[in-house]
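Below is one structure, written out as structure tokens, with a few remarks after it.
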Amino acid sequence: MSVEQSTELAITYKVNQAITAAQFIELLSKTTLGARRPIDNLETVNAMLENSNLLITAWQGEALVGVSRSVTDFAFCCYLSDLAVDESVQASGIGKTLVRMTKEALQPKCSLILLSAPQAVDYYPKIGFTQHNSAWVLTDIQSLK
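Numbering (the working numbering), first residue to last: 8 to 152.
Pasting the structure below:
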């Protein structure tokens, strides 16, 4: 685990520091992402955390205020599945730092991939992401033809 300290807002960043499902749910409920995550299903949230292999967290004292949760091979691609920052501290650079630290944990040519929440589509181009027009999502196996 590595730790990075930021003087702005006294935020501490941690790499692969385990968090509980309760902490994650509490943070998600303070973001617009909470509406699109199964925060009422503890088993699923536990699985989300247990099966991620890159977790960057932001802390203000003892309070979890940001998370970048990813699944990656560290060499070719990294799916940043959750980028959540408590709405009370958004627009303070925490999200950008979480993304930067996620990218720094990867090999230089590893692509960072994410699906944006509707409210965040304008945010990602501002921090260097380019839009990809051919992302596809399959959630129901019955739809396979």
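C-beta atoms are modelled at their ideal positions from N, C-alpha and C, and glycine is treated no differently.
On a predicted model such as this, the values are computed, not experimentally measured, just so you know.
Please work out which residues of its chain come closer than 7 Å, Cβ to Cβ, to residue i, disregarding the five sequence neighbours upstream and downstream, and give them in chain order.
| i | result |
| --- | --- |
| Leu49 | Ala28 |
| Leu35 | Gly41, Arg44, Ile46 and Ala91 |
| Thr51 | Pro45 |
Do you know offhand how far residue i's Cα is from residue j's?
| i | j | result |
| --- | --- | --- |
| Ser123 | Gly68 | 28 Å |
| Ile26 | Leu56 | 8 Å |
| Arg43 | Val74 | 15 Å |
| Ser99 | Lys110 | 19 Å |
| Leu145 | Ala65 | 31 Å |
Residues in its own chain within less than 8 Å of residue i by CB, not counting five upstream and five downstream?
| i | result |
| --- | --- |
| Ser150 | none |
| Thr137 | none |
Can you give me the Cβ contacts of residue i inside the same chain, cut-off strictly under 6 Å, excluding the 5 residues immediately before and after it?
| i | result |
| --- | --- |
| Ser13 | No answer about Ser13 holds up, because its pLDDT of 49 lies below 50 and its placement is not dependable. |
| Ala142 | none |
Following the continuous alpha helix (DSSP H) through residue i, name the residue where it begins and the one where it ends.
| i | result |
| --- | --- |
| Lys110 | Ile101 to Glu111 |
Measuring only from the beta carbon, is residue i closer than 7 Å to any heavy atom that is part of the ligand NAP?
| i | result |
| --- | --- |
| Asn58 | Absence of the ligand NAP is noted for the structure shown, with no ligands found whatsoever. |
Between which two residues does the beta strand (DSSP E) carrying residue i extend?
| i | result |
| --- | --- |
| Lys116 | No beta strand (DSSP E) contains Lys116, which DSSP labels as neither H nor E. |
Am I right that residue i and residue j are in contact with their C-beta atoms under 8 Å? What's the rounded C-beta distance?
| i | j | result |
| --- | --- | --- |
| Phe81 | Gln114 | 6 Å |
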